[in-house]
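Following: one structure in structure tokens, then a few remarks.
Residue numbers (the UniProt record's numbering): 1 to 147.
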């Protein structure tokens, strides 16, 4: 057992036993597409695009190309929503889809002006990091979508 004792607070926890996967093995060492984006700008773009995503399991597509990331979502009976955010992109073009709620939660709770994104393809996890901080990273698994 593990016990934390503070004034007016006592927390008990069990120490986990067993074999656990080595998390570092699922984090890619390098990415084919990298982008640096202003966090607040990307958050606003996700919020705009996700208005239409509510009818499609909250799926938002991100398209990294040139000097911007385009976000889009589609609602069958309503139409399509699209927004963009400026980005410094290196590597190849990438289109990847994520659950908009996961992106909104991530971007709302990060404390930093800029973040970096790394991705390899539409089926591999996307890695988000705060620029200037090596002690934090966030992996989000993508959602499959039809081209």
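Here a beta-carbon is modelled for each residue, glycine too, at the ideal position from N, C-alpha and C.
Computed from a prediction, not measured in an experiment: that's the story for all the values here.
- Taking a C-beta distance under 8 Å as the contact criterion, residue 100 and residue 45 do not qualify as a contact pair.
- Under the DSSP assignment, residue 52 falls in the alpha helix (DSSP H) whose first and last residues are 39-53.
- Sequence-distant partners of residue 124 (beyond 5 residues in either direction) whose C-beta falls short of 8 Å from its own C-beta, in its chain, are 28, 142.
- Taking C-alpha positions only, residue 136 is separated from residue 112 by approximately 11 Å.
- Separation of residue 13 and residue 1 (C-alpha to C-alpha, rounded to the nearest whole angstrom) is 6 Å.
- Annotation note: the region 68-126 contains the following uninterrupted beta strand (DSSP E) runs of length 3 or greater, listed N- to C-terminal: 68-75, 79-91, 94-99, 114-119.
- The Cβ atoms of residue 61 and residue 35 do not sit closer than 8 Å to each other.
- Distance between residue 40 and residue 107, taken at the CA atoms: about 8 Å.
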